[in-house]
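Numbering (our numbering), first residue to last: 11 to 273.
Using N, Cα and C, we set each Cβ at its ideal position, and we do this for glycine too.
Bear in mind that the values here come from a model prediction, so they are computed numbers and not experimental data.
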């Protein structure tokens with residue numbers, strides 16, 4: 011199960027709450043690392059995600075079936091909110107959202123596989139990991155693009171480990187079309203620093219897709235990075251070339267890394 015995700019997420023909520031309380035009027039309105047979103051819009055999105063989990067019938071996210079399109083709906087609906095309204099919503103829905111996610115750690119719900127639009131199909135306990143990832147990325151890489159102290163938040167392994175688990179569970183499904191067009195080259199992804207671990211991305215999953223498994227293939231090329239940097243380049247917020255080492259000059263490896271774009 012993903013109880014570590016709940017522990018990490020609770021720590022992220024505390025960090026977000028403290029950060030939001032400290033933001034100046036100019037910082038709330040600053041352009042974030044998300045194209046077209048202010049810092050305020052990112053914070054509002056983080057609150058809205060919790061609301062969609064805890065009480066989906068109380069918030070409109072459209073019916074596009076696309077996670078990024080759905081995320082835009084409440085952001086646009088609430089563009090005229092004040093920062094105080096965003097803070098109140100985040101305080102309310104973060105607590106309700108964590109309670110809902112905690113309940114999903116218990117059987118039989120925990121292993122029930124559900125479709126999550128274009129994010130793929132996942133057991134419900136991984137939703138906690140998904141929101142840990144969402145918070146880690148938005149706080150450090152998106153709000154952090156405008157607010158230095160957000161970018162300097164800790165690289166907490168209790169958040170990074172479940173974040174990696176979510177990203178790597180989703181990678182073969184979210185990147186299926188891109189991976190279908192690359193060389194059939196297995197790649198070991200070695201994560202150094204906080205949440206250190208090794209995973210292997212291998213062609214030949216069900217239906218000709220790819221699989222990600224914990225551990226290494228001794229015959230496969232190796233790419234080294236940190237989990238923190240992977241959150242950025244694995245979502246196309248940065249170029250993997252700026253923060254990876256190892257067999258990165260191998261053209262087949264480069265094709266595989268270029269195909270990774272996790273939502």
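Secondary structure at residue 180: helix, using DSSP grouped into helix, strand and coil.
Put simply, the stretch 52-68 touches the stretch 80-98. At least three CB pairs are less than 8 Å apart.
Taking a cut-off of 8 Å on C-beta distances, the stretch 105-121 does not touch the stretch 201-208, as fewer than three cross pairs fall below it. When DSSP states are grouped into helix, strand and coil, residue 122 belongs to the coil group.
For residue 213, the enclosing beta strand (DSSP E) stretches over residues 207-213.
Between residue 200 and residue 211 a beta carbon distance of about 12 Å is seen, past the 8 Å cut, so the two are scored as non-contacting.
In this structure, residue 153 sits near residue 49, with a CB-CB distance shorter than 8 Å. Residue state for residue 170 is assigned as helix, using DSSP reduced to three classes.
Exclusion of the five residues before and after residue 238 leaves 165 as the residues of its chain whose Cβ lies within less than 6 Å of its Cβ.
With contacts defined by Cβ atoms closer than 8 Å, residue 74 and residue 80 form a contacting pair. Nearest Cα to residue 44 within the set 254, 119, 133, 147: 147. By the neighbour-count criterion, in which 16 or more other beta carbons inside 10 Å mark a residue as buried, residue 78 falls on the exposed side.
Judged by beta-carbon spacing, residue 103 lies within the 8 Å limit of residue 60, meaning their Cβ atoms are closer than that value.
Put simply, the backbone Cα of residue 138 is about 14 Å away from that of residue 122.
Residue 250 and residue 264 have their alpha carbons spaced roughly 9 Å apart. Between the alpha carbons of residue 253 and residue 150 lies a gap of roughly 16 Å.
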